[in-house]
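Residue numbers for the sequence shown follow my numbering, so the first one is 144 and each next one is one higher. Glycine included, C-beta positions come from ideal geometry on N, C-alpha and C.
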Amino acid sequence: MSMSKDEVLQLEDNKAGTELNEEMKAAIQERILKQIAGELQLAAAKVRITVGLLDEGNTIPFIARYRKEMTGELDENQLRDIEERLAYLRNLESRKLEVIRLIAEQDKLTDELKLAIEKSVKLQELEDLYRPYRQKRKTRASVAKEKGLEPLATWMLAQPRQGDLRAEAGKYINEDKGVKTADEAIQGAMDIIAEQIADDAKIRAWIRQYTYDQGIVRTEAKDAEQESVYEMYYSYQEPVRKLPPHRILAINRGEREDVLKVSLEVQTDRIHDYIGRQMVKGASVVKDTLVAVIEDAYKRLLAPSIEREVRNEMTEKAEEKAIEVFAENLRNLLLQAPIKGKVVLGVDPAYRTGCKLAVVDDTGKMLEIAVTYPTPPNNKVAEAKAKFRKLIDTYGVELIVIGNGTASRETEQFVAELIGEIKERRLQYLIVNEAGASVYSASKLAQTEFPDLDVAERSAISIARRLQDPLAELVKIEPKAIGVGQYQHDVTQKRLDESLTFVVESAVNHVGVDVNTASPSLLSYVSGINSTLAKNIVKYREDNGKFISRAQLQKVPRLGAKAYEQCAGFLRISEGKNPLDNTPIHPESYDVVDKLFGELKLKLSQLGSQELKDMLQHVEPAELAVKLGVGVPTLRDILDSLQRPGRDPRDELPAPIFRTDVLQIEDLAPGMELQGTVRNVIDFGAFVDIGIKNDGLVHISQLSDSFVKHPMDVVSVGDTVTVWVLSVDLKKGRVSLTMKKP
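Right under this line is the structure:
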C-alpha cells in the first residue's frame, strides 16, 4: 500500500531537515502525477483523481466498482499500476531530498548536481549520482587519500603535455605516511582515479546498458558427472536480452544450489574505448598510465559491480513475470465454478495411515468423519468398500473428491472400481489439487473450526469443500501455498505476498460475499474489512442472529463510516428486508433505484421478475441517467444488477470434468483424443490433467496453429480443453500433449 501524500511529504520534511513550503509540496506532487500519467499513458486528470481517492483511504475494488465516473472507468489493474508507481515515486522523491541533504552536509552540493538529482527518474539513477559521496568502507583509494596522494591524482587527471610522472610522484614520497617509493605514489594515485571512474554516474549507466544489450550469460556444471534437473545448463549460453524469465530463475536456482557456475561475459574492448573517450583528452605524459587505470577500474571495480546489478535487474524482471503468472493462475483457480447443491465425500488419500474421509452437506457442513485402508500396505479393500457404501447410502453422496497427493492414483483406482459396482445411484469422482490443504489443516483457523479433529481429517473436509466453493475454501490458505505458479519460492516473498493478496481481494470482491455465511477468512478480503473487523462481524452475527440489512453492519464494533462505505456493496444479504441488499448495488445508490422504479412505475418487490427484466432491456442508459441524476457507468451497473439479482459470476463458467473410470499412462497412445482440465500455466506451456497420475504438458509450440506469445493468451487454469497425445515416456512417467487438431 502506498504512503499518503501527507505522510510522504512529512517524511520528506523530517529527512531534509528543512521546511517544505506548500508550493514545493505541490510541485513534487505534480511532478509525480505527470510522470505516472506519462509512464502509464493515462490522462493526467484520471491519475490525479485516482491518487486523491487512494489518499482518502479508498480501496482499489471500491474505486474500480463505485467511482467509475470519477476515474473514467479505469480498471483494477490500471488502478493498481497507479498505486504501485505512486509508492515508488514518493519513495524516490523522499530519497532525493535525503541525498541532497547528505551531500550538502559534505559541502559538495553544486547547482548542477542538485539539478541532476532532482531530474532522476529511477532509484538506480539517483544512487549512481550519490555513489561518489557515500561513506565507504576502507578501499585502496581511501588508503591512498590518507597517504596524501589525492593531489598527485589531480595532477594526472589534468593530463599535462610536459613533465615527468615519476619526478612528480617523487614529491609525495613520505615514509611516515607509508609512501616509500615513486612507484607506490603512482599506484596510490591510480587507485584514486580508478575509484573516481567506477563512481562516475554517466560511465556506470552506459556500461550497465551496454552489458544488458550485448552481454552473454554463460553457465557450466561444477560437476559434469552429477545428474540433476539442471543438465541443459551444464554447457549453455544465451544473450542477456533474450533470456526468458523461467530460464533466468532456473539458472539462479542452479547457482544457489551449487550445481552451476554462472558468468556474464561482454566485450571489454568497447567498454575500455568508451571510458577512454570520457577520460583521456589526447596525448599527455600520463596517457599510457591512464589507459592502464581504465583497464584496472573496469576489471576490478566496475565489472563485478555492473554484473551484479545487471543480474539483479534480470532477476527482478523475471520475478515480476513469475509473480504475474502465479497471480493470473491464482485468480482463475479462485474463480472456478462452484458445484452447488451436492453432498460430497472428500478423500485425503494415504498409504500406511489410511484414507481419511469426510462427508459434507450441500452447504459445506461436516456430517461424518471416517478412515479406511484400501491402499498398500493394508489393502483392506472389502472393508473400505463397505465403509464407503455406508456413507454414500446414509447421506446420499453424489460426488467423491480425491486429493491428488500421496496414494491418490491407487485411491482413484479403488473409487472407480467401487462406482462400477454401485448400480443403484449415479456416482462420479474428481481429482482435485490438494495444494495447501495441509497448510490449512495445521493452521489456527482449522484448529478453531474443528478442534476435535486431527490434521488429516481437517484436510479431507477442505478437499471436499474446495469443490463446492473454491473461493470460500482457498481463501483460508496462504495464497503462495496453493502452488499454481512457477519458481514461486525463488522470488521476493514480500512482493509475491502483496501481488497474491491483491488477486484474492479482487476475486472475493468480484464475486461478493454472503455476510451471514462467510468465514472470517473470507470476510477479511472484502474491501475495507481487516481481520479484526471480520472477526467482529462474525461475533455480532453469532450474538444477534443473521443480518437482515446492510445498514445493520454499522452496529458492528469498530466498523465506522469509511469501512461501511468501502464494504457495503460487496456484502450480500440473501433474505433480508431490502432485496437490493442481495445485489452489487451500493446503498449510496438506493435512492437512484427508487427513482428508477418510480420512472418505470414498478415496485421493488418485482425485483427478479421477468416483467422487470423485459423492461430494463429496452432502457437507454444515457437518456435515463440524466433524468435520475447519476453517471452512465453507474447506471449501467445498476441495470445489470437489477436484471440478475443474487447472480454469482462464477456460475457462467464451465464445470470441472467428472469421471467414473480411471485411465492409466499405459492406456495412452499417440494421436489419442482426450478431455482435460488445465492445472497450471507457465511460461513454456500448460499442464493438463487428463486423468492419469501426472499431468501432461502442452508445450507453448503445441497450444495453437498460430504464434503464441505466452500460454496465458490461449489457456487459463480451470479451462476444459481437448488435447491429443503426442508422445508417452513410460520410464519417466511423462506425457506430451498437443492442442493442435491432427
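Alpha carbon to alpha carbon, how far is ILE833 from SER859? 16 Å
For the candidate residues LEU869, LYS836, GLY200, whose alpha-carbon lies nearest to that of LEU846? LEU869
Let me know the secondary structure DSSP gives PRO764 once reduced to three states. In the structure shown, PRO764 sits in a helix (DSSP, three-state: H, G or I).
Residues near THR432 in its chain [Cβ-Cβ closer than 8 Å; skip 5 each side]: MET299, LEU308, ILE329, MET333
Quick check on the burial criterion: 16 or more other C-beta atoms within 10 angstroms. Buried or exposed for VAL429? buried
Mapping DSSP to helix, strand and coil, what is TYR572? strand
Option nearest THR803 by Cα separation, candidates VAL582, ALA559, VAL436: Nearest of VAL582, ALA559, VAL436 to THR803, Cα basis: ALA559.
From what residue to what residue does the beta strand (DSSP E) around VAL502 run? 498-503
Among GLY861, VAL866, ARG787, VAL851, nearest to GLY839 - alpha-carbon criterion: Among GLY861, VAL866, ARG787, VAL851, the Cα nearest to that of GLY839 belongs to VAL866.
What would DSSP say about GLU408, mapped onto helix, strand or coil? strand
Do you know offhand how far ARG877's Cα is from TYR417's? Rounded to whole angstroms, ARG877 to TYR417 spans 51 Å at the Cα level.
Report the residue from ILE574, VAL618, GLN571 whose alpha carbon sits nearest the alpha carbon of ALA589. Checking every option, the nearest Cα to that of ALA589 belongs to VAL618.
How about ALA550 and LYS530: are their beta carbons less than 8 Å apart? no
Considering only C-alpha positions, which residue in the set GLN221, LEU240, GLU763 is nearest to GLU182? GLN221
Compute the Euclidean distance between the alpha carbons of LYS265 and THR411, then round it to the nearest angstrom. Going from the Cα of LYS265 to the Cα of THR411 covers about 26 Å.
Cβ shell of GLU150 (< 6 Å), same chain only, five flanking positions each side left out: Confidence is the limiting factor: at GLU150 the pLDDT is only 47, short of 50, which leaves the residue's position unreliable, though a coordinate-based value still follows. Excluding residues within five positions, none has a Cβ falling inside 6 Å.
Return the Cβ separation of LEU665 and PHE469 in integer angstroms, given the expectation that the two are a contact with Cβ distance under 8 Å. With 8 Å as the limit, LEU665 and PHE469 do not qualify as a contact, their Cβ atoms being about 21 Å apart.
Can the beta-carbon of PRO854 be found less than 8 Å from the beta-carbon of ILE825? yes
In terms of DSSP beta bridges, what is ASN395 paired with? Answer is none; ASN395 lacks a bridge partner.
Thinking just about the alpha-carbon of each residue, which of GLU438, LYS323, LYS239 is nearest to the one in ILE175? LYS239
Taking the straight line between their C-alpha atoms, what separation do you get for ILE781 and ILE728? Looking at the two C-alpha atoms, the distance is approximately 6 Å.
By DSSP's criteria, ASN823 is part of a beta bridge. Which residues make up the other side? PHE830
Would you check if there are 3 or more beta carbon pairs closer than 8 Å linking the segment 538-547 to the segment 565-573? yes
Tell me the rounded alpha-carbon separation between ILE574 and PRO520. Taken atom to atom, the span from the alpha-carbon of ILE574 to that of PRO520 is near 22 Å.
Of the residues GLY819, GLN807, ILE843, which one's Cα is nearest the Cα of VAL871? GLN807
According to DSSP, LEU714 sits in a beta bridge with which residue or residues? VAL656
Straight-line CA distance for LEU403 to TYR379? 10 Å
Quick one: measure Cβ to Cβ for ALA284 and LEU272, integer angstroms, because I've assumed they're closer than 8 Å. 19 Å between Cβ atoms; not a contact.
Let me know the secondary structure DSSP gives ARG802 once reduced to three states. In this structure, ARG802 counts as strand in the three-state DSSP scheme.
Which one of LYS365, ALA367, ASP366, ARG361 has the shortest CA to CA distance from ILE391? For ILE391, the nearest C-alpha among the options comes from ARG361.
Find out if the Cβ-Cβ distance for the pair ASP473, PRO613 is shorter than 8 Å. Here residue 473 is Leu; the residue named in the question, Asp, does not match the sequence. In this structure, PRO613 does not lie closer than 8 Å to LEU473 by Cβ.
Answer yes if the segment 216-234 comes into contact with the segment 243-256, meaning at least three C-beta pairs across the two stretches below 8 Å, and no otherwise. no
Use the C-beta contact count for MET375: other C-beta atoms within 10 angstroms, 16 or more gives buried, fewer gives exposed. exposed
Top-ranked residue by Cα proximity to VAL851, from LYS874, ASN837, LYS883, THR820: It is LYS883.
Contact between the segment 661-676 and the segment 496-503 (3+ Cβ pairs under 8 Å): no
Confirm the yes/no value for this check: CB of ILE243, any heavy atom of the ligand FAD, distance under 7 Å. As presented, the structure is devoid of all ligands, the ligand FAD included, so that no description of it is given.
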